[in-house]
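Worksheet for the structure shown next.
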Amino acid sequence: MEYEKIVDLAKRRGIFWQGSGIYRPVAGFYDYGHIGAMVKRRWENLWRRFFLGLDDNFYEIQASVIMPEDVFKASGHLECFLDPVVKCGKCGNVERADHILEDLLKESFEGLSSKELTELIRKHNIRCEKCKGHLEEVEERNLMFPVAIGTGKDKRQAYLTGETAQGAYVNFRQMFDAMRRKLPMGLAIIGKAFRHEISPRQALIRMREFTQAELQVFFDPDSIGKHPRFGEVEDYKLFLHPAAGKMEHVACKDAVKRLHLPEFYVYHLAKVQQFYLEELSVPEKSFRLKELSAEEKAFYNKYHWDIQLDLESVGGWKEVGGVHYRADHDLKGHGKVSGVSMSVNVHGKNVLPHVLEISMGVDRNVYALLELSYRQEKARDLLAFPRVVAPFDAGVFPLVNKDGIEEKAREVYEMLRREGFAAFFDSSGSIGRRYRRIDEIGVPAGITIDYDTLKHGDVTLRDRDTMEQARVKISDLPAVLKRFLNGGSLSELGN
Ligand SMILES: [Zn+2]
């Protein structure tokens, strides 16, 4: 599917568009319309339910997005959070040096030094893409968004956070003391992060303000070789693409033996894959876990596998998240700069916990959902969103607006809302048109109230994907709809 088509679709159907659009928009900022906001929230809810459910000592917290400078001294962001940038000497246009090379030579140049990038630009005689002017030397620019707290003389330097993860690290000590003083402990944050991207592009893929869903698992490094529930996944096949090698399906136990990855890490890789394939129904051919090479990964990550989805509209495999073993980098840094000890006592043993991070970009995932769900059929086009993340559960339609049918339909609609379903009511246009409308925004169920409803107390339930219909008693509707949304098919639910 083409990129322009997705952006156009998103705009027409109230999913997303550039922020502050009534003014001259600034690149890298996007706003969600009502359909997009619903899909995003439901994706987040699914993430929450799934990842917080992995362990009864995992919790969700909220943290400020503005944090004092010391936080980012400790995290290394001020020193190391840099992008290689190259400026045109003639028109002043600024681009990511590695991206220019990537676009032209179709390989990855992540992790090269400014000097190496400058040499490559000279070697291939690359000029400014806007005016063909001479490109200056590559320099490194920091990605953090500075903010000043206070006014006048009392100004204090702070930054918008570059990742939600820091919120979990600065709260680790308090949460550990407030909770069961037990490891592993997981702290999840779904929240905003900010980066001064030099060349934001591809809509929700590379933004300056974006939403992350991240889980930081703090654990005793001595126990990395074991996970108590590893038995449940040992034969489960992971879709792995090692840094040196090609795509292969590897059972979890073999990933431990052959690829020398620790059980604790592999268990979480399996859970991430299950989240995509089972919860979000992503096609197997569109999912992989890709190991980053030593040059590509952050220096403190001992193991770093990207979560990638194959998205044609943005050039193929795209990172939508990652599973990172960050070792003691974070707590050690914060302990040193803050002066507060991050070591904890567990069963009489002093431990500086290590961190395993599961990180996902929510906006990228919403974009991916849109591309992967889009279907064009003979008579219609539809967004076949997985039922759990669809913007609404059901549309409710009176067949006609007379003879008490509209009132009956309103009753059904109100009942569904009371029962906790996200339903919406539509009484305008032909019933066929109304079905098309919910197909286009990806609502899985259509419920129609007709003359038979008044006689027999039942309604028609229609499945978006198969267009099959079944009659269901109004009194059974909440239970049947619930089973349908959990993956049941109409043929086994109605008659
Ligand atoms: Zn130029």
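Take the sequence shown: its letters are residues 936 to 1430, numbered as in the working numbering. Just so it is clear, CB atoms sit at the ideal spot from N, CA and C, and this is done for glycine as well.
Buried or exposed by the 16-neighbour rule on C-beta atoms within 10 Å, applied to residue i
i     : result
I1376 : buried
K1220 : exposed
P1163 : exposed
G1381 : buried
E1198 : buried
Q997  : exposed
D1241 : buried
Q1109 : exposed
I1084 : exposed
L1196 : buried
T1395 : buried
R1310 : exposed
C1015 : exposed
Y958  : exposed
A1329 : buried
H1012 : buried
Residues near residue i by beta carbon distance below 8 Å, same chain, minus five either side
i     : result
E1045 : D1033, E1230 and E1231
V1029 : V1020, V1021, K1022, C1023, I1133 and S1134
L1039 : H1059 and I1061
I1056 : V1021, A1032, I1035, L1036, L1070 and V1073
Same chain only: Cβ atoms within 7 Å of residue i, ignoring 5 sequence neighbours per side
i     : result
E1354 : P1413
V1082 : I1001, A1093, Y1094 and L1095
E979  : I1125, A1148 and V1297
D1263 : L1287 and H1289
P1326 : I970, M973, V974, I1376, G1377 and V1378
L981  : E1214, V1323 and V1324
K1206 : L989
Presumed contact (8 Å Cβ cut-off) between residue i and residue j, rounded CB distance
i     : j     : result
A1154 : V1279 : Residue 1154 is actually Phe in this sequence, not Ala. Contact flag wrong, Cβ pair sits at about 11 Å.
L1150 : F986  : 5 Å
L1389 : G1339 : 6 Å
V1249 : I1293 : Rounded, the Cβ-Cβ distance is 22 Å, inconsistent with contact.
S1362 : A1009 : With 8 Å as the limit, S1362 and A1009 do not qualify as a contact, their Cβ atoms being about 58 Å apart.
Residue i versus the options, residue with shortest Cα-Cα distance
i     : options                       : result
S1308 : G1296, V1415, V1217 and T1395 : V1217
V1331 : Y1348, G968, Y958 and E1198   : Y1348
R947  : A962, S955 and H969           : H969
Y1238 : V1201, Q1209 and G1180        : V1201
R1255 : L1224, S1273 and G963         : The amino acid at residue 1255 is misidentified as Arg; the sequence shows Val. Here the closest residue by C-alpha is L1224.
H1282 : N1336, R1115, L1227 and S1362 : R1115
C1066 : K1025, V1073 and L1246        : K1025
Q1243 : V1290, L1173 and V1286        : L1173
V1105 : G1270, V1415 and E1306        : G1270
V1335 : A1329, G1364, D1089 and A1325 : G1364
V1378 : K1127, G1268 and R1369        : R1369
T1401 : E1312, L1052 and G1011        : E1312
R1130 : G1160, G1097 and Y967         : G1097
L1204 : A1128, L1291 and G1250        : L1291
K1041 : Y1211, W1252 and D1157        : W1252
Q1404 : T1383, D1411 and R1418        : T1383
A1100 : A1179, F1080, A1190 and E995  : E995
G1121 : V1152, R1399 and D1189        : V1152
D1245 : Y1235, E1306, V1275 and R1261 : E1306
Own chain, CB closer than 6 Å to residue i, minus 5 neighbours either side, in chain order
i     : result
A945  : F951
G1102 : A998 and I1124
P1177 : E1226
F1360 : V1331 and Y1348
D1265 : Y1104 and V1290
Practice item. Could you tell me which uninterrupted alpha helix (DSSP H) segments, each at least 4 residues in length, are contained entirely in the segment 1372-1397, listed from first to last along the chain? Key: Taken in chain order, the unbroken stretches of alpha helix (DSSP H) that lie wholly in the segment 1372-1397 and span 4 residues or more are 1386-1391.
Review point. Which parts of the segment 1337-1366 are runs of the beta strand (DSSP E), unbroken and 3 residues or longer, counting only runs that do not cross its ends?
Key: List check, beta strand (DSSP E) in window: 1358-1360.
**Study point:** Whole runs of the alpha helix (DSSP H) within the segment 1128-1202, excluding any shorter than 4 residues
**Key:** Listed in chain order, the complete alpha helix (DSSP H) runs (minimum 4 residues) inside the segment 1128-1202 are 1187-1192.
Check your understanding: What runs of the beta strand (DSSP E), each 3 residues or longer, lie entirely inside the segment 970-1046?
Key -> Along the length of the segment 970-1046, whole beta strand (DSSP E) runs at least 3 residues long occupy 993-995, 1001-1003, 1017-1022 and 1029-1031, reported in chain order.
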